[in-house]
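Some notes on the structure that comes next.
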Amino acid sequence: VGVGQSEVDIIKIADTVVLVLVPGMGDDVQIMKAGIMEIADTFVVNKADKEGADKVAADVQVMLKMLKEKDWVPPVTLVSSQNNTGVEEVKKILNDHWNYLQTSDEGKRRRFVQLEMEVEAILRGEISILTEKVWKKRKDTGVLEDLASRKADPYTLAGEMISQIVK
Numbered sequence: 042v043g044v045g046q047s048e049v050d051i052i053k054i055a056d057t058v059v060l061v062l063v064p065g066m067g068d069d070v071q072i073m074k075a076g077i078m079e080i081a082d083t084f085v086v087n088k089a090d091k092e093g094a095d096k097v098a099a100d101v102q103v104m105l106k107m108l109k110e111k112d113w114v115p116p117v118t119l120v121s122s123q124n125n126t127g128v129e130e131v132k133k134i135l136n137d138h139w140n141y142l143q144t145s146d147e148g149k150r151r152r153f154v155q156l157e158m159e160v161e162a163i164l165r166g167e168i169s170i171l172t173e174k175v176w177k178k179r180k181d182t183g184v185l186e187d188l189a190s191r192k193a194d195p196y197t198l199a200g201e202m203i204s205q206i207v208k
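Just so we're aligned, residue 42 is where the sequence shown starts under the numbering used here, counting upward by one.
This is the structure in structure tokens:
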């Protein structure tokens, strides 16, 4: 799976970002893409029993050293369900990261971003409901005929409807 903007935006809603990598999947190229190294709070190399897992983990460690230093250094953990290894370590890392967020400026910053996103989403939803109501009433007045015949233009109409909403 490629890494796009929506994957990078996960930091706006998640408390902890775990980037799971698998040997042989070209993950080393994916993690070098813009932003992905910076957003991961921990790296998990899954299928650690497969060839190449150690190399993926080592590559991530090298790339992490190239980033600017932060209070929280993302751990890199090898996990294998076949060998039953790494899961307890990941659980401990997640708990440690949660505790870090509870006491750090980074945790406060992330919480503010999450709250900002939540309020903006609520606003967008409420505004959408209002605009749908105003548009439904206005559209029933034959305004589409006026728009089609160019007696009215969409920008003026939208401005008038916004004025109705803001009153």
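A virtual CB, placed ideally from N, CA and C, is assigned to each residue, including glycine.
Just so you know, these numbers come straight off a predicted model, no measurement behind them.
For a quick check, are the C-beta atoms of ILE134 and THR118 less than 8 Å apart? yes
DSSP three-state label for LEU62, please. strand
Which residues in the same chain as LYS192 place their Cβ atom closer than 6 Å to its Cβ, once the five residues preceding and following it in sequence are excluded? none
Between the beta-carbon of ASP82 and the beta-carbon of VAL61, is there less than 8 Å? no
Simplified DSSP assignment, three categories, for THR57: coil
What would DSSP say about SER121, mapped onto helix, strand or coil? strand
Would you mind sorting ALA55 into buried or exposed? The rule is 16 or more other CB atoms within 10 Å of its CB. exposed
Simplified DSSP assignment, three categories, for ALA182: The displayed chain sequence assigns Thr, not Ala, to residue 182. Reduced to three states, the DSSP call for THR182 is coil.
Same chain only: Cβ atoms within 7 Å of ILE206, ignoring 5 sequence neighbours per side: LEU171, THR172 and VAL175
Mind checking which residues open and close the alpha helix (DSSP H) that includes THR197? 195-207
Is GLY43 helix, strand or coil by DSSP? At GLY43 the pLDDT is 49, less than 50, meaning the model places this residue with poor confidence; the figure from the coordinates comes in the next sentence. GLY43: coil per DSSP, three-state reduction.
Can the beta-carbon of VAL120 be found closer than 8 Å to that of ALA98? no
Drop a sphere of 10 angstroms on the beta-carbon of GLY43, count the other beta-carbons inside from all chains shown, and report buried for 16 or more, exposed for fewer. With a pLDDT of 49 at GLY43, under the threshold of 50, the predicted position of this residue should be treated as unreliable, though the coordinate-derived value follows. By the 10 Å Cβ count, GLY43 comes out exposed.
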